[in-house]
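Student: I have a structure I would like to understand better, so I am pasting it below and will then ask my questions one at a time.
Protein chains: 2
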Amino acid sequence: MRYELYYWPSTPGRGEFVRLALEEGDADYVDVARRKGGMAKMMRLLNGARAPHPAFAPPILKSGPLVIAQTANILLYLGRRLGLAPTGEAGMLWTHQLQLTIADFVDEIHDTHHPIASSLYYEDQKREAGRRAEDFRKNRLPKYLGYFERVLDRNPQGPRYLVGARTTYADLSMFEIVSGLRYAFPRSLARAARRCPHLVALHERIGDRPRIAAYLASDRRLPYDQVGIFRHYRELDG
Amino acid sequence: MRYELYYWPSTPGRGEFVRLALEEGDADYVDVARRKGGMAKMMRLLNGARAPHPAFAPPILKSGPLVIAQTANILLYLGRRLGLAPTGEAGMLWTHQLQLTIADFVDEIHDTHHPIASSLYYEDQKREAGRRAEDFRKNRLPKYLGYFERVLDRNPQGPRYLVGARTTYADLSMFEIVSGLRYAFPRSLARAARRCPHLVALHERIGDRPRIAAYLASDRRLPYDQVGIFRHYRELDG
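Protein chains in written order, with our numbering: chain A, 16 to 253; chain B, 16 to 253.
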């Protein structure tokens with residue numbers, strides 16, 4: 016069965032967390048909005064007058080009759096299907112808990128450049144962004160990275176994976192977080208990473224996995240930019 | 016089996032979404048941090064040196080050997096246990112998708128008074144809060160409420176519940192959202208509510224459910240305040 020992913024075609028954004036799972040899981044999928052006529056199809060899915068399960072925002076995954084939105088929810092579903100999460104309840108919940116904490120982290124990364132309103136340009140909230148980014152660099156970034164480093168450190172099966180002894184969607188999402196931060200906050204990340212050797216090693220290990228490496232080298236992987244979650248503004252990096 | 020809920024004892028906050036599910040589900044539970052010595056117990060759970068599944072933040076639910084964090088994740092678990100979610104995969108995912116959108120809404124409500132840093136006082140980010148709250152009133156509040164009104168309107172089983180024809184944890188959380196907004200943004204909510212008759216009716220219906228009504232009248236229900244998510248600052252309500 017072919018999955019259909021719907022996400023803004025111009026930026027990796029939250030869609031990237033889903034793409035990484037589809038790629039590592041060797042899933043047959045179409046990145047709909049990046050195809051000709053795909054944006055119109057996505058807008059119909061978002062604004063369709065009678066869909067019984069409307070989505071608030073992309074990403075959206077169509078899988079047969081199912082239409083699933085919310086990044087972490089899509090990964091909860093794909094984790095089972097693609098063997099990217101434990102099958103038992105305890106492991107399933109723990110993996111999802113980590114993903115939801117990653118989602119909170121993503122929101123805070125986004126808000127460093129948009130602390131006032133997503134509907135305004137960065138330039139219209141630059142002063143506030145400066146204040147928020149300062150708190151992010153000093154408090155939030157070290158707190159989140161320290162937390163995930165601790166999770167790796169305490170994994171009873173060793174620090175190679177966030178959960179157990181196999182790759183889960185949480186590892187793939189953590190790869191994306193480190194990649195994105197390396198682009199957006201290179202100085203701050205380099206400083207924080209000194210205390211997070213397990214996270215740095217996880218990032219390298221995931222990037223070296225054959226399917227992920229092939230994906231990263233392909234044109235299916237979108238470059239980071241200045242419209243998505245991870246944006247590089249030198250003045251915000253301290 | 017007795018559930019243990021761990022959450023800050025001074026404010027409803029995110030713990031309230033869990034409490035409402037426990038109450039409606041007639042669960043045997045202890046609100047640990049509100050008991051004598053409970054705060055110390057919660058801090059040990061948060062900072063314990065060797066816990067294999069550390070939590071980033073409360074709320075945390077202990078259920079036998081399971082230690083579960085992240086509000087939506089706790090509700091995913093309790094939904095199954097307490098009969099507050101459909102048992103089939105499609106219904107389970109749809110309920111969870113709504114809960115994750117509620118979680119995003121909660122984050123945005125919080126950030127109206129704390130757009131710069133949780134670690135600073137409101138007074139230290141009052142100017143920025145004014146700008147963010149203006150965007151919230153004009154754009155985000157109507158967008159979120161309009162979305163959930165649409166979900167009720169499109170429910171093939173009628174507009175009485177968000178999912179199907181029975182109360183789910185998403186309905187209980189939506190009750191809490193409307194209650195909290197009525198406290199924090201009374202003018203803005205009153206204005207927006209005119210376009211959301213199904214949501215207003217859902218709020219009343221949930222508040223009238225026997226177990227919820229008994230809970231609301233008890234001292235287990237904490238009042239809203241000026242330290243939690245829902246805070247009333249007249250200047251932010253437009």
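Cβ coordinates follow ideal geometry from the N, Cα and C atoms, glycine included.
Is the segment 205-224 of chain B touching the segment 141-149 of chain B in the sense that three or more CB pairs, one from each, lie closer than 8 Å?
Tutor: Flag = no, the segment 141-149 of chain B and the segment 205-224 of chain B do not touch.
Student: Could you check which residue in A:Ile83, A:Pro67, A:Gly40 and A:Ala66 has the C-alpha nearest to that of A:Leu20?
Tutor: As a working mapping, residue 20 of chain A is identified with position 5 in the first sequence. Ranking the options by Cα distance to A:Leu20, first place goes to A:Ile83.
Student: Short of 8 Å Cβ to Cβ, which residues in the segment 143-154 of chain B face chain A?
Tutor: Residues Glu143, Arg146, Arg147, Asp150 and Asn154.
Student: So, are the CB atoms of A:Ala36 and A:Leu90 less than 8 Å apart?
Tutor: By 1-based counting over the first sequence, the position of residue 36 of chain A is 21. By 1-based counting over the first sequence, the position of residue 90 of chain A is 75. Result yes, Cβ atoms of A:Ala36 and A:Leu90 sit closer than 8 Å.
Student: Just how far apart, CA to CA, sit B:Asp150 and B:Asp252?
Tutor: Here residue 150 of chain B refers to the residue found at position 135 when the second sequence is read from its first residue. Here residue 252 of chain B refers to the residue found at position 237 when the second sequence is read from its first residue. Their Cα atoms are separated by approximately 11 Å.
Student: For A:Gln114, which residues in the same chain have their Cβ closer than 7 Å to its Cβ, ignoring the five residues on either side in sequence?
Tutor: Counting from 1 along the first sequence, the entry for residue 114 of chain A is found at position 99. Excluding sequence neighbours, A:Gln114 sits near Ala87, Leu90, Tyr184, Ala185 and Ser188.
Student: Residues of chain B with CB closer than 7 Å to the CB of A:Thr116, please, in chain order.
Tutor: Within the first sequence, the letter at position 101 stands for residue 116 of chain A. What A:Thr116 touches in chain B: Phe71 and Gln85.
Student: From B:Thr182 to B:Pro171, what does the alpha carbon distance come to, in whole angstroms?
Tutor: Position 167 of the second sequence, counted from the start, is the residue given in the question as residue 182 of chain B. Position 156 of the second sequence, counted from the start, is the residue given in the question as residue 171 of chain B. Roughly 15 Å separates the two Cα atoms.
Student: Would you say A:Ser203 reaches chain B, if we count a Cβ-Cβ gap shorter than 8 Å as a contact?
Tutor: One-based indexing of the first sequence puts residue 203 of chain A at position 188. Chain B, which has no Cβ nearer than 8 Å to the Cβ of A:Ser203, makes this no.
Student: Could you tell me whether the segment 120-135 of chain A touches the segment 150-160 of chain A, using the rule of 3 or more Cβ pairs below 8 Å?
Tutor: Flag = yes, the segment 120-135 of chain A and the segment 150-160 of chain A touch.
Student: So, under 8 Å CB-CB, A:Ala48 and A:Tyr18 are touching, yes? Tell me the CB distance rounded to an integer number of Å.
Tutor: Position 33 of the first sequence, counted from the start, is the residue given in the question as residue 48 of chain A. Position 3 of the first sequence, counted from the start, is the residue given in the question as residue 18 of chain A. Actually they are not in contact, since the Cβ atoms of A:Ala48 and A:Tyr18 sit about 14 Å apart, beyond 8 Å.
Student: Whose C-beta lies closer than 6 Å to the C-beta of B:Gly195 among residues of the same chain, with five residues either side of it excluded?
Tutor: On the second sequence, residue 195 of chain B is found 180 positions in, with the first residue counted as 1. Excluding residues within five positions, the ones whose Cβ falls inside 6 Å are Phe245.
Student: Name the DSSP beta bridge partners of B:Ile75, please?
Tutor: Locating residue 75 of chain B in the second sequence gives position 60, counting from the first residue. B:Tyr21 and B:Ala84, per the DSSP bridge assignment.
Student: So, helix, strand or coil for A:Val321, using DSSP?
Tutor: A question about residue 321 of chain A goes unanswered here, because the residues of chain A that appear run from 16 up to 253.
Student: On the DSSP bridge assignment, give the partners of B:Tyr198 in chain order.
Tutor: Taking the second sequence and counting its residues from 1, the one referred to as residue 198 of chain B is at position 183. Beta-bridge pairing links B:Tyr198 to no other residue.
Student: Looking at B:Arg224 and the ligand GDP, is the gap between the Cβ and the nearest heavy atom below 7 Å?
Tutor: For the ligand GDP, the structure offers nothing, since it holds no ligand at all.
Student: Report the option in A:Arg175, A:Gly103 and A:Ser78 whose CA atom is closest to the CA atom of A:Asp46.
Tutor: For this step, residue 46 of chain A is matched to residue 31 along the first sequence. A:Asp46 has its Cα closest to that of A:Ser78, out of A:Arg175, A:Gly103 and A:Ser78.
Student: For B:Ile192 versus B:Glu38, is the C-beta distance shorter than 8 Å?
Tutor: To locate residue 192 of chain B, count along the second sequence from 1; it is residue 177. To locate residue 38 of chain B, count along the second sequence from 1; it is residue 23. Not closer than 8 Å, so no.
Student: Establish whether the CB of B:Ala132 and some CB of chain A are separated by less than 8 Å.
Tutor: Here residue 132 of chain B corresponds to residue number 117 of the second sequence, with the count starting at 1. Yes, because at least one Cβ of chain A sits closer than 8 Å to the Cβ of B:Ala132.
Student: Check for me: the alpha helix (DSSP H) holding B:Tyr162 runs from which residue to which?
Tutor: Start at 1 with the first residue of the second sequence, and residue 162 of chain B comes out as number 147. B:Tyr162 -> alpha helix (DSSP H) spans Leu156 to Arg169.
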